[in-house]
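>
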Amino acid sequence: MVNNNALIRTVDVTRYVTPLREGGSLPAIVEADDGFLYVLKFRGAGQGIKALIAELLGGEIARILGFRVPEIVYANVDPAFGRTEPDEEIQDLLKFSEGLNLGLHYLSGAITFDPGVNKPDPLLASQIVWLDCLITNVDRTVRNTNMLMWKKELWLIDHGASFYFHHSWDNWKQQSERPFVQVKDHVLLPWASALEEVNAIFLEQLTPEKIKTIVSFIPAEWLVFETLPDPEANRKVYEEFLMNRLAHAAIFLNEAQHARKAII
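Note that our numbering has the sequence shown beginning at -9, numbered continuously upward.
#1: Going by beta carbon distance, what residues of the same chain come within less than 6 angstroms of Asn(-5), once the five residues before and after it are set aside?
#2: Between which two residues does the beta strand (DSSP E) harbouring Asp77 extend?
#3: Looking at C-alpha atoms only, which residue of Gln165, Gln247 and Asn224 is the closest neighbour of Phe215?
#4: Quick one, are the C-beta atoms of His269 and Ile125 less than 9 angstroms apart?
#5: I'd like to confirm the pairing. Which residues does DSSP put opposite Ile101 in its beta bridges?
#6: Name the residue from Leu90, His176 and Glu167 whose alpha carbon lies nearest to the alpha carbon of Ile62.
#7: Rank Leu179, Val7, Ile254 and Ala35 by C-alpha distance to the C-alpha of Asp122 and give the top, closest one.
#8: Going by DSSP, what residue range makes up the beta strand (DSSP E) through Asp111?
#9: In its own chain, which residues sit with a C-beta less than 7 angstroms from the C-beta of Gln172, not counting the 5 before and 5 after it?
#10: On a CA-only basis, which of Pro105, Glu167, Gly36 and Asn161 is nearest Leu261? Give me that one, please.
#11: Can you tell me whether Met(-9) is buried or exposed, with buried defined as 16 or more other CB within 10 angstroms of its CB?
So this is what it looks like as structure tokens:
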């Protein structure tokens, strides 16, 4: 695994290449002014800005823990960008996504991870299961692994379904202390035999300072919600949610261990 604590870059989208018609969010491959291709996650898509926040937090927490994650960038979409797009659905998506969006470096030639083909390493499987329990990522199942094999290495993608507490925002503190019951459907759970070892290591690595740094990456404009308009107060909730979840990690660790015993 690798570590990369570089600050997040900002690029301007210059060309819409092709849609990736997966799920309801309609991400797309785009080209930016730096010459690279990115998978663009749109603020105007179904889950809105909160999916971008989850993608940013989940991806950067994974990165700081040493996982391979495509570079995440802020991606500006110009108001005029969608005017020449012939597809009305895509044109509307671009129109409602003017401003700052989120891009992930496109891993050209990558293939979907298949545990039947690439036997998971127990330690790596345990690390990924633990991460997804922390960030409440419901979207790493057999149906949709959200992992890629690229240059013979495993890469994590698509964390936009994480942090589902923020879609209701009610009782966030209680939600931070709940077990992650959806772990029973995690594609890597059968191989996750080192959860306790991983728990001890990752709790040491995810210090309050690192959590605050990662949460500080969220642009203030993404933190203005209709019923919760104070961006810095909302940023504080993300910080405290994560710190409280780490403080009660034994709860989701035990749930994952029990779920694994039930399937092996």
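The beta carbon of each residue, even a glycine, is placed where N, CA and C say it ideally should be.
A quick note: this is a predicted structure, and the numbers were derived from the prediction, not measured.
Judging by the given coordinates:
#1: Because Asn(-5) carries a pLDDT of 40, less than 50, the predicted location of this residue cannot be relied on, and no value is offered for it.
#2: Premise fails: Asp77 is in no beta strand (DSSP E) and is neither H nor E.
#3: The residue among Gln165, Gln247 and Asn224 with its C-alpha nearest the C-alpha of Phe215 is Asn224.
#4: Because the chain spans -9 through 254 in this model, residue 269 falls outside it and cannot be assessed.
#5: Met139
#6: Checked all of Leu90, His176 and Glu167; the closest Cα to Ile62 is Leu90.
#7: Leu179
#8: Here Asp111 belongs to no beta strand (DSSP E), and DSSP marks it neither H nor E.
#9: Val128
#10: Only positions -9 to 254 of the chain appear in this structure, which leaves residue 261 out of reach.
#11: At Met(-9), the pLDDT of 42 sits below 50, so the modelled position is not reliable and the matter cannot be decided from this model.
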